[in-house]
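Okay, structure first, notes after.
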Amino acid sequence: MKYTKDPWEYCEIQYNGFEPNYGPFGSIEPCVKIGERVIKIGCFVFPGATNEEYEQRKQDARLMAAAPDMYEALLKALRFIINGRELGYIQMPDANSGDSALKTPDIIRQALAKAEGKDDAICR
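Everything in the sequence shown is counted per the working numbering, starting at 145 for the first residue and increasing by one.
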């Protein structure tokens, strides 16, 4: 998986009277912070935006900033489940039980595939 490995964090970016080229929904802005590179995910909110729109954009930006950590956590969780099953430490529920735990490895694989672009859909 190729993405910028530097730390990602959420920050608020104040509107300063000009419209940035990358639009109102957020931006990825490389910057330097205390000698290390940090990818800052900001949310731009323009005049006239409702409080609900502002809060939604903040949550979107926080989710984007957390994405690399969540990706790495999912990789480790999947490896933990696979190893645990192979070594006999994790016993999956009976296939006919209907237990939602049966779907967990596939849900993780699907999320990883989505992040890796393996299930890209064409936007229309």
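For glycine and all other residues, C-beta sits at the position ideal for the given N, C-alpha and C. Given the structure is predicted, the values throughout are model-derived calculations rather than measurements.
{"Item": "Using 10 angstroms around the beta-carbon of Ala209, count the other beta-carbons present and answer buried if the total reaches 16, otherwise exposed.", "Value": "buried"}
{"Item": "Secondary structure at Glu260, three-state DSSP: helix, strand or coil?", "Value": "coil"}
{"Item": "Quickly, what does DSSP pair Tyr198 with across the bridge? List them, please.", "Value": "BP columns for Tyr198 are empty, so no partner."}
{"Item": "Rank Arg206, Tyr147, Ala221, Lys149 by C-alpha distance to the C-alpha of Cys155 and give the top, closest one.", "Value": "Arg206"}
{"Item": "Give the single residue among Ala211, Ala239, Phe224, Gln200 whose Cα lies nearest to the Cα of Tyr233.", "Value": "Phe224"}
{"Item": "What number of angstroms, rounded off, separates the C-alpha of Asp213 from the C-alpha of Gly261?", "Value": "17 Å"}
{"Item": "From Asp243 to Ala221, what distance separates their C-alpha atoms?", "Value": "18 Å"}
{"Item": "For a test of the three-state rule: what should DSSP assign to Tyr124, helix, strand or coil?", "Value": "There is simply no residue 124 to check, as the chain begins at 145 and stops at 268 in what is shown."}
{"Item": "What does the Cβ neighbour count give for Tyr166, buried or exposed, with the cut at 16 atoms within 10 Å?", "Value": "Because the pLDDT at Tyr166 is just 43, under 50, the model does not fix this residue reliably, and the value given afterwards should be weighed accordingly. Counting Cβ neighbours within 10 Å, Tyr166 comes out exposed, since fewer than 16 surround it."}
{"Item": "So what does DSSP say about Tyr233, is it helix, strand or coil?", "Value": "coil"}
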